[in-house]
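Take a look at the structure below.
Residue numbers (the numbering used here), protein chains in the order written: chain X, 219 to 270; chain S, 12 to 350.
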């Protein structure tokens, strides 16, 4: 019984996480978070590359 | 007449291991080339500014690399945390500090992306899709006398927790309190220096004016200061240690590896050991360069799923894959294996 539960959990847990993750990504896209990522990634961060 | 059928000689374990490693390096190289294929960036000393940069790449790939097409998830995570919305105006509080309304306290997009990759394959990314992992793999191939190659040291295990400390302090806490400031990128990440700083500053030194004209704002190595020295020292230490020991950055420093490691035990892609075939010969333990004993912890947070143990097993007792793995292993049923 315990093994069966473990076996089921082994699939349910990652699939549930994937569903949540897709939800997070969709919310992030809807909330225009991707533009925050884009604005950061397209502006050269001088300190990040070690200038200064 | 004799009809002698020539049988193909069976490959030795060493040949299998080499073939597996070659295939892995080829995948790593192909992925690194694809995600860093903005050739114009290398020619003009600038970075890609197109819409693909909205999408995170799964590995440690600085978005300030001239060739980078995607965004580094660790850089993006720090950048979005507590990002202020300057467009909504700023005001000065009673103490004289400038205050803005935070636009995002939490990055759903980046966290969702990391969760998705983690739940799918855990640290498989470290072995197959990370450009900085590839660089370390290649550095480790530099031959040294056996005495100088260190597999493990006395306090190796406590040092492994350093990456979790760096993740919490430099990637989460400090950027949250100091408005989207990428502390890890700024003060630690050698990937930014190697993939972004060195090519851009070198380009600027050679073709200074052209580089300035393309908007990078970099003119030459003459702009190097204390931060450059610090990051060059970290990079030099990483390179030297990578020649001596296997993937020191991944083992002790990488916050991305730390995030994916949380998912290793529960991801769809997993390893398992068939106890009916395993003879405890120790070949897998000996082959693992990350110091994991797969017979005890098949999905250890430290396992990068490179497949060395699987290739080294003379009894084919180690299985890996998505979904159902055919084994009679008790270890496989145990999802809560110890670190």
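We put the beta carbon where it would ideally sit given N, CA and C, even for glycine.
These numbers come from a predicted model, not from an experiment.
> Quick one, which of S:125, S:55, S:154 has its alpha-carbon nearest residue 257 of chain S's?
Replying inline: One-based indexing of the second chain puts residue 257 of chain S at position 246. Measuring from the Cα of residue 257 of chain S, the nearest candidate turns out to be S:154.
>> Just to confirm the assignment: which complete alpha helix (DSSP H) runs, minimum length 4, are found wholly within the segment 43 to 102 of chain S?
In response: 50 to 55, 84 to 91
> Using a C-beta cutoff of 8 angstroms, does residue 258 of chain X count as contacting chain S?
Replying inline: Start at 1 with the first residue of the first chain, and residue 258 of chain X comes out as number 40. At least one chain S Cβ lies under 8 angstroms of residue 258 of chain X.
> Buried or exposed: where does residue 252 of chain S fall if 16 or more other Cβ atoms within 10 Å of its Cβ makes it buried?
Replying inline: Here residue 252 of chain S is taken as the residue at index 241 of the second chain, counted from 1. Its Cβ being crowded by 16 or more others within 10 Å, residue 252 of chain S is buried.
> Name the DSSP bridge partner or partners of residue 283 of chain S?
Replying inline: As a first step, residue 283 of chain S is located in the second chain; it is residue number 272 there, counting from the start. Looking at the DSSP assignment, residue 283 of chain S forms a beta bridge with S:330.
> residue 202 of chain S by DSSP, collapsed to three states: which one?
Replying inline: Numbered from its first residue, the second chain carries residue 202 of chain S at position 191. Of the three classes helix, strand and coil, the one that applies to residue 202 of chain S here is helix, per DSSP.
>> Can you tell me whether residue 100 of chain S is buried or exposed? The criterion is at least 16 other CB atoms within 10 Å of its CB, across all chains shown.
In response: Mapped onto the second chain, residue 100 of chain S falls at position 89. Bear in mind that a pLDDT of 45 at residue 100 of chain S, under 50, signals an unreliable position, so the model cannot answer this.
> Taking Cβ-Cβ distances below 9 angstroms as the criterion, which residues of the segment 112 to 139 of chain S are in contact with chain X?
Replying inline: 114, 115, 118, 119, 120, 121, 122, 123, 124, 125, 126, 127, 128, 129, 130, 131
>> Can you determine whether any heavy atom of the ligand NAP sits closer than 7 angstroms to the C-beta of residue 248 of chain X, and answer yes or no?
In response: No copy of the ligand NAP appears in this structure; indeed no ligand is present at all.
> Contact check, residue 193 of chain S vs residue 90 of chain S under 8 angstroms by CB: the rounded distance?
Replying inline: Taking the second chain and counting its residues from 1, the one referred to as residue 193 of chain S is at position 182. Taking the second chain and counting its residues from 1, the one referred to as residue 90 of chain S is at position 79. About 6 angstroms separates the two Cβ atoms, so the contact holds.
> At a cut of 8 angstroms, does the segment 304 to 321 of chain S reach the segment 270 to 285 of chain S through at least three beta carbon pairs?
Replying inline: yes
> DSSP on residue 253 of chain S, reduced to helix/strand/coil?
Replying inline: Taking the first residue of the second chain as 1, we reach residue 253 of chain S at position 242. DSSP places residue 253 of chain S in helix when its eight states are reduced to three.
> Which whole-angstrom value is the C-beta distance of residue 239 of chain X and residue 123 of chain S, which I expect to be below 8 angstroms?
Replying inline: Taking the first chain and counting its residues from 1, one reaches residue 239 of chain X at position 21. Taking the second chain and counting its residues from 1, one reaches residue 123 of chain S at position 112. Right, the Cβ-Cβ distance comes to about 5 angstroms (below 8 angstroms), so this counts as a contact.
> To the nearest angstrom, how far is it from the Cα of residue 187 of chain S to the Cα of residue 244 of chain X?
Replying inline: In the second chain, counting from the first residue as 1, residue 187 of chain S sits at position 176. In the first chain, counting from the first residue as 1, residue 244 of chain X sits at position 26. The straight-line gap from Cα to Cα measures roughly 23 angstroms.
>> Within a Cβ cutoff of 6 angstroms, which residues of the same chain sit near residue 137 of chain S, ignoring the five residues on either side of it in sequence?
In response: Working through the second chain from its first residue, we reach residue 137 of chain S at position 126. Hits under 6 angstroms: 144, 261, 268, 315.
> What did DSSP end up calling residue 222 of chain S once you bin it into helix, strand or coil?
Replying inline: Locating residue 222 of chain S in the second chain gives position 211, where the first residue counts as 1. In this prediction, residue 222 of chain S has a pLDDT of 48, which is less than 50 and means its spatial position is unreliable; what the coordinates show is noted afterwards. Helix at residue 222 of chain S.
> In its own chain, which residues sit with a C-beta less than 6 angstroms from the C-beta of residue 175 of chain S, not counting the 5 before and 5 after it?
Replying inline: As a first step, residue 175 of chain S must be located in the second chain, where it is residue number 164. Around residue 175 of chain S: 269.
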